[in-house]
């Protein structure tokens with residue numbers, strides 16, 4: 015069996031009686047940009063946390079480079095996987111540069127100072143996320159979106175070949191959403207593996223090579239964006255009636271126009287002018 | 028905003044202040060020993076014989092057997108309490124956390140009070156510290172076990188279980204005190220001890236506290252980077268490689284050891300662990316690389332300074348040190364609480 019960078023088998027997780035993830039089997043390859051989509055509460059964040067070893071599964075296992083995750087020390091995991099978390103509020107006066115520099119932690123001993131290479135990587139990460147001019151500003155004075163970029167920069171500085179992201183574009187302006195996703199796409203083209211939970215279906219379809227639709231803790235659909243974003247799937251799993259159109263000009267995206275909610279509230283119809 | 032003072036300079040300045048203060052505290056006291064005589068005594072003690080005219084044996088005794096250990100114990104205790112407070116505040120992501128918040132101080136106090144009540148303290152000088160230390164360890168173990176499940180410990184539950192166990196041990200201590208008041212001497216000893224102080228501390232106490240303080244503080248410094256990462260949340264810390272479970276367990280054990288050792292030697296001295304790290308964080312920022320050593324030095328300065336002040340200003344009234352730190356610390360704590368009323372999260 016070929017060793018994939020990241021894989022999970024029979025993965026399950028519950029909080030006591032509540033089953034959050036159930037029987038998930040996945041394989042990820044280098045250079046892929048995988049989008050995790052699904053309604054709120056489907057288990058996307060939990061899946062990402064399981065893949066990173068942040069929480070232990072109640073059944074099944076995760077394999078990192080062919081070895082089970084539980085054989086790794088957290089520090090060694092961090093050299094291979096970095097996670098951009100969803101919640102990014104901070105109460106303490108760290109500067110932008112200091113947060114990005116924390117991405118080098120897995121490579122440094124407790125008292126070891128930064129090397130020239132570390133500094134270069136930190137600078138590069140901030141350059142790629144357009145943060146250079148605010149590197150000494152306090153993180154708790156930035157807007158939500160700017161803080162998100164800081165954490166993305168930190169993950170880049172970490173130099174891990176696998177990048178996990180939990181709703182990285184949630185609070186960003188449209189221009190920064192596009193920048194971040196283009197940046198991640200470019201990183202995957204250089205060989206990194208990126209797995210990101212995304213709520214914006216159109217952006218997911220434009221940038222991701224593969225989409226995984228999670229519903230109630232299980233994989234409901236998997237494949238290319240056009241395979242996953244079908245009218246039936248949108249109806250069954252997102253509870254919307256929608257029109258699907260592939261983008262023109264050779265771009266991969268799928269334009270999703272949500273016409274009405276299927277939850278009985280037909281007051282929010284969007285009538286098309288036929 | 029970068030902080031206006033370079034942290035390394037602040038650290039050096041604080042070390043100088045501490046040295047000056049310790050020297051002043053050794054040379055100052057109710058007995059009349061002039062500076063010249065004091066220097067003669069010290070040089071003799073350190074192997075440079077000098078003519079001993081005008082120097083009486085009682086002066087040597089006071090300086091070397093009373094004042095020096097008192098000041099040293101004060102410095103070590105202050106350092107242990109303050110650095111433990113800084114670690115607690117980092118671990119719980121709450122600038123209002125302190126070493127007593129996990130019930131460890133009251134557990135240690137219960138152990139000590141038990142030793143006093145059973146009369147063991149008069150049998151051996153080590154009885155009290157051993158009992159206090161056992162109390163601290165058992166309390167910490169109990170608090171941690173209650174709050175942990177499947178290897179994970181929720182900080183909120185940890186704090187609440189600490190408060191609950193702390194209340195239990197305090198109640199038990201009060202019970203013992205009530206029982207002991209039949210014998211007025213024992214009762215008086217217990218009350219006095221509980222209020223905390225450096226009165227009558229000897230070189231034995233220094234040697235008891237020194238290994239814990241040096242070992243514990245050095246190990247805690249290793250966790251500076253991890254504590255910085257923990258400040259930003261568990262998910263963030265784990266994603267840059269901090270082993271949350273082991274780090275937390277180690278930090279709890281070490282701070283319990285430091286607090287237990289301090290309480291067993293000095294009784295309950297409150298608010299140093301809360302106030303000192305908090306002030307220093309406002310001056311030099313949240314980086315534990317600087318905050319931890321600064322807290323240790325700041326704690327020493329505070330305790331030695333407070334003791335010196337008490338000895339100078341009210342030598343006859345014999346106000347215990349713990350009472351003084353509470354009188355100053357509690358209003359400050361209240362002030363902090365009112366300022367941060369709306370932004371406290373557990």
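Chains as they are written, first to last, in this note's numbering: chain A, 15 to 288; chain B, 28 to 373. Think of the CB as a built atom: it goes at the ideal place given N, C-alpha and C, for glycine as much as any other residue.
Fill in: Reference residue 161 of chain A; option with closest CA among A:24, A:234, A:41, A:108
A:108
Practice prompt. Using a cut-off of 8 angstroms between C-beta atoms, extract the partners of residue 79 of chain A located in chain B.
Written response: Ordered by position in chain B, no residue passes the 8 angstroms Cβ test against residue 79 of chain A, which lies about 16 angstroms from the chain.
Practice prompt. Assign residue 7 of chain B to buried or exposed, taking buried as 16 or more other Cβ atoms, counted over all protein chains shown, within 10 Å of its Cβ.
Written response: Absent from the model: residue 7 of chain B. The displayed extent of chain B is 28 to 373, so no value can be given.
Fill in: Contact set between residue 252 of chain B and chain A, taken where Cβ atoms lie within less than 7 angstroms
119, 124
Fill in: CA-to-CA distance, residue 282 of chain B to residue 186 of chain A, given in whole angstroms
41 angstroms
Worksheet item: Along the chain, where does the beta strand (DSSP E) that runs through residue 32 of chain A open and close?
Response: 32 to 42
Practice prompt. Under 9 angstroms between beta-carbons, which chain B residues line up against residue 92 of chain A? List them in chain order, please.
Written response: 265, 266, 267, 268, 269
Worksheet item: Can you tell me whether residue 115 of chain B is buried or exposed, with buried defined as 16 or more other CB within 10 angstroms of its CB?
Response: buried
Worksheet item: Any Cβ of chain B within less than 8 angstroms of the Cβ of residue 84 of chain A?
Response: no
Practice prompt. For residue 13 of chain B, return the contacting residues in chain A, with the cut-off set at a CB-CB distance below 9 angstroms.
Written response: An answer regarding residue 13 of chain B cannot be provided, because it is not within the stretch 28 to 373 covered by chain B.
Discussion item. Please report whether the beta-carbon of residue 279 of chain A lies at a distance below 8 angstroms from any beta-carbon of chain B.
Written reply: Because residue 279 of chain A sits at a pLDDT of 49, beneath the cut-off of 50, its placement in the model cannot be relied upon, and the following sentence gives the value as read from the coordinates. False, the Cβ-Cβ gap to chain B never drops below 8 angstroms.
Fill in: Three-state class that DSSP yields for residue 105 of chain B in the structure shown
helix
Worksheet item: Using a C-beta cutoff of 8 angstroms, does residue 116 of chain A count as contacting chain B?
Response: yes
Worksheet item: How many whole angstroms separate the CB atoms of residue 302 of chain B and residue 126 of chain B, which I take to be in contact at a CB cut-off of 8 angstroms?
Response: Going by Cβ atoms, the distance from residue 302 of chain B to residue 126 of chain B rounds to 12 angstroms, so no, they are not a contact pair.
Practice prompt. Check whether the Cβ atoms of residue 104 of chain B and residue 233 of chain B sit closer than 8 angstroms, and answer yes or no.
Written response: no
Fill in: Contacts that residue 249 of chain B makes with chain A (C-beta to C-beta distance below 9 angstroms)
124, 125
Worksheet item: Among the residues of its own chain, which have a CB less than 7 angstroms from the CB of residue 42 of chain A, if the five just before and after it don't count?
Response: 18, 19, 20, 21, 48, 207, 209
Worksheet entry | 4-residue-minimum alpha helix (DSSP H) runs that sit fully inside the stretch 325 to 363 of chain B, ordered along the chain | none
Worksheet item: Between the stretch 82 to 102 of chain B and the stretch 41 to 61 of chain B, do three or more beta carbon pairs fall short of 8 angstroms?
Response: yes
Worksheet entry | Completely contained alpha helix (DSSP H) runs for the stretch 116 to 159 of chain B, where each covers 4 or more residues | 131 to 144, 147 to 150
Worksheet item: Measuring CA to CA, which of B:255, B:202, B:204, B:244 is closest to residue 104 of chain A?
Response: B:255
Worksheet item: When the Cα atoms are used, what is the spatial distance from residue 150 of chain B to residue 300 of chain B?
Response: 32 angstroms
Item to complete: Just the C-alpha distance for residue 160 of chain B and residue 146 of chain B, rounded to the nearest angstrom, thanks.
Response: 17 angstroms
Item to complete: Would you mind reading off the limits of the beta strand (DSSP E) that contains residue 272 of chain A?
Response: 268 to 275
Practice prompt. Drop a sphere of 10 angstroms on the beta-carbon of residue 373 of chain B, count the other beta-carbons inside from all chains shown, and report buried for 16 or more, exposed for fewer.
Written response: Below a pLDDT of 50, predicted positions are generally treated as unreliable, and residue 373 of chain B, at 38, falls in that range; no measurement from the model is reported.
Worksheet entry | Below-8 angstroms beta-carbon distance, residue 104 of chain A vs any chain B residue | yes
Practice prompt. Spatial neighbours of residue 319 of chain B within its chain, please: CB distance less than 7 angstroms, with the 5 preceding and 5 following residues excluded, ordered by chain position.
Written response: 110, 113, 247, 248, 251
Worksheet item: Residues in the stretch 32 to 47 of chain A with C-beta within 8 angstroms of chain B's C-beta atoms, listed in sequence order?
Response: none
Worksheet item: Should the stretch 137 to 147 of chain A be called in touch with the stretch 227 to 241 of chain B, which here means at least 3 C-beta pairs below 8 angstroms?
Response: no
Item to complete: Starting from the N-terminal side, write out each stretch of the alpha helix (DSSP H) that is 4 residues or longer and does not extend beyond the stretch 269 to 307 of chain B.
Response: 271 to 293
Worksheet item: Which class does residue 68 of chain A belong to by DSSP, given the choice of helix, strand or coil?
Response: coil
Worksheet item: Is there contact here, the stretch 161 to 168 of chain B with the stretch 125 to 145 of chain B, by at least three beta-carbon pairs under 8 angstroms?
Response: yes
Worksheet item: Which term fits residue 176 of chain B, buried or exposed, when burial requires 16 or more other beta carbons within 10 angstroms of its beta carbon?
Response: exposed
Item to complete: Apply the 10 Å Cβ neighbour rule to residue 239 of chain A and answer buried if 16 or more other Cβ atoms are within range, or exposed otherwise.
Response: buried
Fill in: Residues that residue 256 of chain B contacts on chain A, provided the C-beta gap is smaller than 9 angstroms
116, 119
Item to complete: Would you please verify whether the beta carbon of residue 206 of chain A is less than 8 angstroms from any beta carbon of chain B?
Response: no
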